[in-house]
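Participant: Position one of the sequence shown corresponds to residue 3 (the working numbering), numbered consecutively onward. Glycine is no exception: its CB is placed at the ideal position from the N, C-alpha and C atoms. My questions will all concern the structure given below.
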Amino acid sequence: WLFVQTVRHTVGGFPMSPSAAPAAGGYVEDSDIDPVPFEVKPEVGGATPDCSRAIFRVPAAMASQLTDQAVSKGGAIFELKLASEAPTDTKDMAFIYTVFYSPRPEKTAEALARRIARRIADPGGANVATG
3 WLFVQTVRHT VGGFPMSPSA APAAGGYVED SDIDPVPFEV KPEVGGATPD
53 CSRAIFRVPA AMASQLTDQA VSKGGAIFEL KLASEAPTDT KDMAFIYTVF
103 YSPRPEKTAE ALARRIARRI ADPGGANVAT G
């Protein structure tokens, strides 16, 4: 009999899939990491019509660091900003957001949420510039 134990890793309190633990090179694939919690809303009153606002819930201690550097995805650059509203259900969390246009805003936001989760997992990692 072969016994396999699955270890569930977390990133900033958020669960990662077992295969998302950093590999020998320290790199975590975006598709192998659970995204941080997020929601997508229409951007109301924005200069560009049809834009969306993706709001990501992150550990408060990392929020400022996460907004220091833009996230790239598919050749586009997404500036992350600290939201003025704070989560009401826990004091250790914060919201960051970005505004963008995408024909599939939920898919774009999910990809960004995975890149943010990767940054939380390895804040000083070699791939921070790309994600």
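In the structure shown, what three-state DSSP assignment does residue 45 receive?
Facilitator: The residue labelled residue 45 in the question sits at position 43 within the sequence shown. DSSP places residue 45 in coil when its eight states are reduced to three.
Participant: Assign residue 66 to buried or exposed, taking buried as 16 or more other Cβ atoms, counted over all protein chains shown, within 10 Å of its Cβ.
Facilitator: If you number the sequence shown from 1, residue 66 lands on position 64. Result: exposed.
Participant: Count the other C-beta atoms from every protein chain shown that fall within 10 angstroms of the C-beta of residue 17, then say buried if there are 16 or more, exposed otherwise.
Facilitator: To locate residue 17, count along the sequence shown from 1; it is residue 15. Per-residue confidence for residue 17 stands at a pLDDT of 44, beneath the threshold of 50, marking its modelled position as unreliable; no derived number is given.
Participant: Between the Cα of residue 44 and those of 36, 37 and 57, spot the shortest distance and give me the residue it belongs to.
Facilitator: Looking up residue 44 in the sequence shown gives position 42. The residue with the shortest Cα to Cα distance from residue 44 is 57.
Participant: Which residues in the same chain as residue 110 place their Cβ atom closer than 6 Å to its Cβ, once the five residues preceding and following it in sequence are excluded?
Facilitator: For the purposes of this step, residue 110 is identified with residue 108 of the sequence shown, where counting begins at 1. Around residue 110: 104.
Participant: Among the candidates 51, 94 and 113, whose CA atom is the shortest distance from the CA of residue 76?
Facilitator: The residue labelled residue 76 in the question sits at position 74 within the sequence shown. Considering only alpha carbons, the answer is 113.
Participant: So, with DSSP's three-state summary, where would you put residue 74?
Facilitator: Here residue 74 refers to the residue found at position 72 of the sequence shown. If DSSP states are grouped into helix, strand and coil, residue 74 belongs with the strands.
Participant: Roughly how many whole angstroms lie between the Cα atoms of residue 63 and residue 73?
Facilitator: Here residue 63 is taken as the residue at index 61 of the sequence shown, counted from 1. Here residue 73 is taken as the residue at index 71 of the sequence shown, counted from 1. Whole-angstrom Cα-Cα distance: 19 Å.
Participant: Could you check whether residue 35 and residue 106 sit closer than 8 Å to each other, using their CB atoms as the reference points?
Facilitator: The sequence position of residue 106 within the sequence shown is 104, counting from 1. The sequence position of residue 35 within the sequence shown is 33, counting from 1. No; because the gap between Cβ atoms is not below 8 Å, this pair is not in contact.
Participant: Inspect the beta-carbon positions of residue 115 and residue 37 and report whether they are closer than 8 Å.
Facilitator: Taking the sequence shown and counting its residues from 1, one reaches residue 115 at position 113. Taking the sequence shown and counting its residues from 1, one reaches residue 37 at position 35. It is a contact, given that the beta carbons lie within the stated cut-off.
Participant: Could you give the DSSP three-state label for residue 96: helix, strand or coil?
Facilitator: In the sequence shown, the residue the question calls residue 96 occupies position 94. In this structure, residue 96 counts as strand in the three-state DSSP scheme.
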